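Residue numbers (our numbering): 443 to 723.
So the structure is just underneath, and the comments pick up after that.
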Amino acid sequence: MNWLDKLERKLGRFAIPNLTVYLLAGYVIGFFIWRLMPDLMGWLTLEPALIVRGQVWRLVTWVLVSPTSRPIDLIFLVLLYYSLGTVLERTWGTFRYNVYIFSGMIFTVLGVFALYAVYFFGFHVEISLSMAGMVSTNYITMSIFLAFAAIYPDMEVYLMFILPIKMKWMALVYAAMALYYFITGGVVSRVAIAASLLNFVIFFLSSRNMKRFSPKERVRKAKFKRQSAPHMQYSNGAKHRCAVCGRTELDDPCLEFRFCSKCNGNYEYCQDHLFTHEHVK
């Protein structure tokens with residue numbers, strides 16, 4: 443049991459379900475504030491120089507800063523990340539998904555405050571009070587995309603609803619964009635990118651189950667593979683078949699298949715029915 447399991451046992455009841463909905467709703471609210479009351483946005487941004495002077499609400503309200511200023515981009519963003527975030531929450535569980543999102547936000551706040559401290563204690567007291575005004579949750583949503591691509595690398599999405607492209611290639615493009623903005627951007631952009639994507643690195647490194655590499659575990663997996671092999675040979679040479687819809691990897695090579703630990707027996711399901719099927723007792 444790693445630290446996430448222990449933390450979930452103690453704090454799991456406080457997890458917020460459907461966190462993606464609240465995050466995206468904040469984007470929409472922030473977008474309309476920027477459109478209708480642009481002067482109000484100056485009171486919402488993450489600016490440590492003003493926070494230490496008493497404007498503590500900025501520790502929370504900066505999440506309302508929308509990653510985009512174009513309506514059509516906002517619509518695509520909401521549709522895409524609602525789908526990705528919902529699947530991630532079902533895959534990881536509500537608590538782990540909460541940890542992933544909130545850790546990205548906390549790292550961003552800590553990173554911006556660390557930058558402010560470097561300037562302040564380095565006698566650069568003339569630092570602009572709006573140095574962190576450009577910080578938004580843009581790279582936190584990017585971390586959602588990267589997490590999804592790491593779990594479902596071969597799943598396809600339709601770019602602009604036309605061009606099919608696998609998640610792993612989209613993730614590489616996202617990572618290249620982040621690297622480009624990190625190199626060419628200012629110091630605030632670099633801190634925002636590094637801090638908000640740090641949760642992706644820490645979460646996956648700390649969640650790795652190293653037990654699967656032990657000799658005992660490898661022997662167990664080999665034994666299971668031999669025992670299950672006769673039951674995993676289907677027509678036309680398929681090795682995976684959904685117990686609900688009957689589709690195999692030959693019907694759609696982009697399908698992801700998983701066994702259900704709550705079903706009695708070796709029942710395998712595609713990603714469309716993994717979380718919706720009735721458990722076999």
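Every residue gets a Cβ at the ideal spot worked out from N, C-alpha and C, and that includes glycine.
From a predicted model like this one, the values you see are computed outputs, not experimental measurements.
- With respect to the C-alpha of Thr583, the residue from Phe473, Gly484, Leu522 and Met483 having the closest C-alpha is Leu522.
- Spatial neighbours of Tyr616 in its own chain (CB-CB distance under 7 Å, excluding positions within 5 residues in sequence) are listed in chain order as Met584, Phe587 and Leu588.
- Within the same chain, Cβ atoms closer than 7 Å to the Cβ of Lys723 are found at Asn706, the five residues on either side in sequence being excluded.
- Pro490 sits in a helix when the DSSP states are folded into three classes.
- Annotation: Leu552 to Ala637 spans about 8 Å, alpha carbon to alpha carbon.
- Short of 7 Å from the beta carbon of Leu526, and not among the five residues preceding or following it, lie these beta carbons of its own chain, in chain order: Ile586, Phe587 and Phe590.
- Setting aside the 5 residues that flank it on each side, Ser545 is surrounded in the same chain by Asn641, each with a C-beta closer than 6 Å to its C-beta; the list follows chain order.
- Under the three-state reduction of DSSP output, Val498 falls in the coil class, being neither helix nor strand.
- Residue nearest to Gly468 within the set Tyr539, Phe537 and Ser508 is Ser508 (criterion: CA-CA distance).
- If you draw a straight line from the Cα of Arg683 to the Cα of Asp447, it comes to about 31 Å.
- Excluding the 5 residues flanking it on each side, Trp534 has same chain C-beta neighbours closer than 8 Å at Tyr542, in chain order.
- Less than 9 Å separates the beta-carbon of Arg500 from that of Leu486.
- Rounded to the nearest whole angstrom, the CA to CA distance from Thr550 to Ile458 is 20 Å.
- Around Leu453, the same chain offers Phe537 as residues with beta carbons nearer than 8 Å, after the five sequence neighbours per side are excluded.
- A direct Cα-Cα distance of roughly 22 Å separates Arg700 from Trp611.
- Beta-bridge analysis with DSSP links Arg700 to Tyr711.
- A straight-line Cα-Cα distance of about 15 Å links Asp694 and Val686.
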